[in-house]
Each structure stands twice: as C-alpha cells, then as structure tokens.
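Participant: My questions all concern the structure below.
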C-alpha cells in the first residue's frame, strides 16, 4: 500500500513538473501573442486564464488540482491558438489592403498625369486657335505700292 502511494506521488510530481514546463512554454507563446495582438478583450481573457493558472500551478494540493490545471492549460492553449489565427488573418488583410492602396495610388498618379497632359493640350490648341484668328484678319495679299515722284500725299 505504501509503495503504491509512493509511486502515485512520484507520478503526480512528474505530472506537475510536466505541467509546469508546459505552462512556461505557454507563457512564452503568450508573450509572442501579446506582442502581435491588438485586441484588448482577447488579451484580458487570456490574462485572466493566465492568472488562474499561475495561482493554481504554484500550489497544487492534490491530483484533482493538477487535472484542473491541465484543463485550464488546454483552454489557455485553445484561446492562444485562436488569437494567433486571428492575428495572422488580420496581418493578411492588412497586407492585402496595403497592396490595394498602393495600386490605387499608382492609378491616381497615372490618372493625374493624364489629366494634366490633356489640359496642357487643350491650352495649346486654344492658344493656337487664338493666334490663327488674330492673324486671319491681316491679309498680306495686297501690298501698297510706293508713290512716285516723291510727292507728299498731304500738300498744304
């Protein structure tokens, strides 16, 4: 009977050490997730689970506590995985939107250049038409002949 209890306590201690190591791993993943995640509500939920696990893992009373800690670690792991997926999806959306923004900016620049070129052509054509209309009234077809004899036109 004593040997069974000793074996059982050794197994429980090994389980506790294993859970503590998993908790440390989850803590590291949590730090990464907190750096990536901007959603405050998700962070608060993860922090509450984390504090519960912290309090329970430091003082395990019996095997039921260890099992409860393990369940909490599982739920924490699920929440962390979901948060990571959301962050990845958010980053992908941001990258897609940045690409669309760059494309639309390029289109805007191209369209702006076309509009400027079109306005310059219109101004050039308008100036040409004004110049041609100004010179159309002047006819150089008949040139006045000089008077002969040196007589002045206006005699007094």
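In the UniProt record's numbering, the protein residues as written are 1 to 156. Just so you know, even glycine gets a beta-carbon here, dropped at the ideal spot from N, CA and C. Please read all numbers here as calculations on a predicted model, not as lab measurements.
With a cut-off of 8 Å on the beta carbons, I'd call residue 26 and residue 80 a contact; round off their distance for me.
Facilitator: 7 Å
Participant: Taking residue 78 as the reference, which of 100, 128, 127 and 49 has the closest Cα?
Facilitator: 49
Participant: Note down the Cα distance separating residue 12 from residue 6, rounded to an integer number of angstroms.
Facilitator: 10 Å
Participant: Quick check: the Cα distance between residue 125 and residue 119, rounded to an integer number of angstroms?
Facilitator: As the crow flies, the alpha-carbon of residue 125 is around 10 Å from that of residue 119.
Participant: CA-CA distance, residue 3 and residue 68?
Facilitator: 26 Å
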